[in-house]
Structure formats: C-alpha cells, structure tokens
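Trainee: Handing you a structure now.
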Amino acid sequence: PYPMQVEAGKEYHVCMCGKSQNQPLCDGSHAGSGLGPRIFKATEDGFIAFCGCKHSNDETGKCDGTHSTL
562 PYPMQVEAGK
572 EYHVCMCGKS
582 QNQPLCDGSH
592 AGSGLGPRIF
602 KATEDGFIAF
612 CGCKHSNDET
622 GKCDGTHSTL
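Everything in the sequence shown is counted per our numbering, starting at 562 for the first residue and increasing by one.
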C-alpha cells in the first residue's frame, strides 16, 4: 500500500493501471489501456493507505488487504 496524507474536500484520482510515474496517483498513463483511475473524495484530513498491488476491490482505490492473498 501507499500511505498518503489527504485533505478534507479534495478529490484524489488513484492509479489502478500501474503505469503512473506519480504513484499512487494517476498521471494519465492509462490512456488507451481501457483502465482508469478510481476516485477518492476525502471527507476529513488524515492518512489513507491507497492500493499498491492494483487488485483492490475498494471502489475508491483504498488498500483492502488483497495484496496479502497474491
């Protein structure tokens, strides 16, 4: 996972293709791949662990522990 500080009210586009040079955030590298980012909207300031394995079932791109089963 990628722990990241988030700010309330901000929207984060989480890379799910693995091609971004700005992990865990999307940089548009997925273009043409049929994949796209997942959107996380922070409701409060804090730290979030975003998915690093790209297999999370969480619709916002947060780590759900799937990496431990791969």
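C-beta: ideal position from N, C-alpha, C; glycine also.
Predicted model, so just to flag it, every value in this text is computed and none were measured.
Could you check the C-alpha separation between lysine 615 and threonine 630 for me, to the nearest Å?
Mentor: Looking at the two C-alpha atoms, the distance is approximately 13 Å.
Trainee: Just tell me which of Lys602, Asp588, Ser581 has its CA closest to the CA of lysine 571.
Mentor: Lysine 571 has its Cα closest to that of Lys602, out of Lys602, Asp588, Ser581.
Trainee: Any idea what DSSP makes of histidine 616, helix, strand or coil?
Mentor: Histidine 616: coil per DSSP, three-state reduction.
Trainee: With DSSP as the reference, please indicate the residues paired to glutamine 582 in a beta bridge.
Mentor: Glutamine 582 is not bridged to any residue.
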